[in-house]
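UniProt numbering puts the first residue of the sequence shown at 1, with every later residue one more than the last.
All remarks here apply to the structure that follows.
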Amino acid sequence: MSETTYTTLLTRTDGPVGIIQLNRPKQLNALNDTLMDELGAALRAFDADDAIACIVLTGSDKAFAAGADIAAMAQYTFADVYRTEYITRNWEALRHVRKPVIAAVAGYALGGGCEVAMMCDIIIAADSAKFGQPEVKIGVIPGAGGTQRLPRAVGKAKAMDLVLTGRMMDAAEAERAGLVSRVVPADKLMDEALATARAIAALPRLAVLAAKEALNRAFEAPLSEGLQFERRMFHAMFATADQKEGMAAFLEKRAPQFQGR
Ligand code: HXC
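Right, dumping it as structure tokens:
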């Protein structure tokens, strides 16, 4: 992959893992249009790179992201944001990434920061993580999935509690509520996220892509359609070399050699 320099992100690779770090530390990684444009570009680059099998998205120790950039949007009028889709126009990139994306969250994940984390496939949280949708406190509401993905993740009761009060929940509460997959000590966050990403990267790639696609159907489609899609994707796996290899290796009691096809 060619080297790209971003102004609001740091990117690197670790074997088959692409790592994107949000990097506006003075503003607690507040998400402005430049950052969201660059995040989209970095995600698309890793998604298109055959050497990359899994992506980790992280922030700093203090903040994954403290939300959309309030300084950038404070003076906007309804006409500005509705006509031009300022703020919201470039927030869909994560949805279109086909490879698994792991959010490694330490510190604040608030407003748009919580929404970006929820767009990822797996959230691994440091014990320092704090999640919330505080938008009501500044006279707006969540604008990138907070009223939609949060209730799907934690249920109506907790989502209403969080969105209507704007309070934060700590990592332990977020894990109990089902928002995060795991909580680890803060100094182990990246080790855990990278180990998880490497474990996924070692698996048959087509099966991983298909599993992600099928699982996402659970949130988009009625059950009957989701089940049908899952069945067809299951059938499709029998066209892959890795299915032959995976099952043969199991039966022959040896380690599989996957080819990603
Ligand atoms: C712009 C921000 C910011 C934000 C923090 N900063 N959050 N700048 N947008 N969302 C800046 C502060 O202004 C400050 O800049 C510096 O980062 C450090 O923040 P402090 O407030 O001094 O730190 P602290 O006292 O530790 O408090 C941390 C905090 C607080 C609790 C996270 O910063 C906070 O409440 N931030 C706003 C959270 C929020 O309301 N998020 C939702 C935004 S709306 P200076 O220059 O003073 O050092 C949203 C909509 C999404 O996200 C829509 C998506 C389409």
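Heads up, the beta-carbon is just placed ideally off N, CA and C, and yes, glycines get one too.
Quick check on T8: buried or exposed, where buried means 16 or more other Cβ atoms within 10 Å of its Cβ? It is buried - the Cβ of T8 has at least 16 other Cβ atoms within 10 Å.
For the segment 102–111 against the segment 122–134, are there 3 or more C-beta pairs whose distance is under 8 Å? yes
Does ligand 1 have a heavy atom nearer than 7 Å to the CB of L110? yes
Would you report the Cα separation of I20 and T13, rounded to the nearest angstrom? 9 Å
Any idea what DSSP makes of M1, helix, strand or coil? Unreliable placement is indicated for M1, whose pLDDT of 49 sits below 50; no coordinate value is reported for it.
Shorter than 7 Å, the distance from the beta carbon of D115 to the closest heavy atom of ligand 1, or not? According to the sequence displayed, residue 115 carries Glu and not Asp. Flag set: Cβ of E115 near ligand 1.
DSSP-derived helix/strand/coil call for D49: coil
What residue does the alpha helix (DSSP H) around D191 start on, and which one ends it? L189 to A201
Taking the straight line between their C-alpha atoms, what separation do you get for R231 and A117? Distance between R231 and A117, taken at the CA atoms: about 29 Å.
Would I138 be called buried (16 or more neighbouring beta carbons within 10 Å of its own) or exposed? exposed
Local conformation of Q27 per DSSP, three classes: Helix.
Alpha carbon of residue 346 to alpha carbon of I102, nearest angstrom: This structure leaves residue 346 out entirely; the chain is present only between 1 and 261.
Can you give the Cα-Cα distance for M1 and P204, rounded to whole angstroms? Residue placement at M1 cannot be trusted, given a pLDDT of 49 that sits under 50; the coordinates are not used to answer.
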